[in-house]
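Trainee: Residue numbers (our numbering): 26 to 280. Using N, Cα and C, we set each Cβ at its ideal position, and we do this for glycine too. Values in this document were obtained by computation on a predicted structure and should not be read as measured data. Here it is, the structure in full.
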Ligand SMILES: NC(=O)c1ccc[n+]([C@@H]2O[C@H](COP(=O)([O-])OP(=O)(O)OC[C@H]3O[C@@H](n4cnc5c(N)ncnc54)[C@H](OP(=O)(O)O)[C@@H]3O)[C@@H](O)[C@H]2O)c1
């Protein structure tokens, strides 16, 4: 049974993993045996995150780059080719939030949110999938969706459009790459305790809404996404393709 979830010998790139959900997923995949490549926008915080994993005896390295910068992403993959680093598992996790009513939202902020949460998944997966296909090894791509992949919320219109796009991009990836034994799936987290939600966590009314509206009556923790990520990264999900799995404490099950 454990072999089904064993990631030994695999290398996983997790974008946006200097902190938050990405860091928890990197640690979880490394615990399951993978070598992990951490990423974020800042070299210093990526290096610190790598050191935290290495201090636990885990196999980690890092590279800072902006996932919206196609040239920087291509350069990173070209360097890994030279260094013999093969990305077998990609988690497109990097993301940002920006809250403003649609009628007040500037185009540049709309674009920034779409680029970071949606276009980046295309940019990074293109590089990873090209190599998986050329190697003939197959691979795993996990995109980060959200409750807003399914439902609208006021003041997060661009984010909602991006995360809805992630659900369909995941299906497009499965359609194009399934024959190359690449499984592309997504995770849709509920409200998780991270920096991204700091303003919501500190808002007493919102905090009470999360605790009363969610069947689990609490916020989720980043490490509670690890089981699903390991499943989607492992041989256990070899015939699961184009799906989005909600890890939301039951939010989407209720009105
Ligand atoms: N928290 C939730 O409740 C929740 C719910 C549903 C979905 N999600 C999704 O889960 C993912 C992670 O969220 P989180 O809550 O862990 O967020 P977070 O704590 O704010 O961390 C975001 C990470 O993404 C990185 N990042 C942002 N823009 C980037 C860019 N252009 N290039 C490279 N890295 C970039 C950040 O890098 P730096 O450290 O360098 O800034 C950071 O490491 C996001 O896709 C988010 O939309 C979160």
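Quick check: what's the CA-CA separation for residue 35 versus residue 128?
Mentor: Whole-angstrom Cα-Cα distance: 46 Å.
Trainee: Starting from the N-terminal side, write out each stretch of the alpha helix (DSSP H) that is 4 residues or longer and does not extend beyond the region 92 to 166.
Mentor: Runs found: 95 to 108, 132 to 139 and 145 to 160.
Trainee: Taking the alpha carbon of residue 269 as the point to measure from, which residue in 175, 45 and 186 has its own alpha carbon closest?
Mentor: Residue 269 has its Cα closest to that of 175, out of 175, 45 and 186.
Trainee: In the DSSP output, which residue or residues are listed as bridge partners for residue 271?
Mentor: Residue 271 pairs with 213.
Trainee: Consider the C-beta atom of residue 214 and the heavy atoms of ligand 1; say whether any pair is separated by less than 7 Å.
Mentor: Checking the Cβ of residue 214 against ligand 1 gives yes.
Trainee: According to DSSP, what are the bridge partners of residue 169?
Mentor: Paired residue(s): 212.
Trainee: Is any non-hydrogen atom of ligand 1 found closer than 7 Å to the C-beta of residue 159, if you look at the structure I gave you?
Mentor: For ligand 1, not one heavy atom lies less than 7 Å from the Cβ of residue 159.
Trainee: Taking the straight line between their C-alpha atoms, what separation do you get for residue 48 and residue 247?
Mentor: Looking at the two C-alpha atoms, the distance is approximately 8 Å.
Trainee: On the premise that residue 145 lies in contact with residue 66, defined as a C-beta separation below 8 Å, what is that separation, rounded to the nearest angstrom?
Mentor: The pair is not a contact, with the Cβ atoms about 11 Å apart (cut-off 8 Å).
Trainee: Measuring only from the beta carbon, is residue 283 closer than 7 Å to any heavy atom that is part of ligand 1?
Mentor: Look at the range of the chain in this structure, 26 to 280, and you will see that residue 283 is not part of it.
Trainee: Is it buried or exposed, residue 279, if we count other Cβ atoms within 10 angstroms and call 16 or more buried?
Mentor: It is exposed - the Cβ of residue 279 has fewer than 16 other Cβ atoms within 10 Å.
Trainee: I need the straight-line Cα distance from residue 229 to residue 235, nearest angstrom please.
Mentor: Spanning the two alpha carbons is a distance of roughly 10 Å.
Trainee: Which first and last residues belong to the alpha helix (DSSP H) in which residue 55 is found?
Mentor: Looking at the DSSP string, the run of the alpha helix (DSSP H) that includes residue 55 is 45 to 56.
Trainee: Going by DSSP, what residue range makes up the beta strand (DSSP E) through residue 63?
Mentor: Taken as a continuous stretch (DSSP letters only), the beta strand (DSSP E) holding residue 63 covers 60 to 63.
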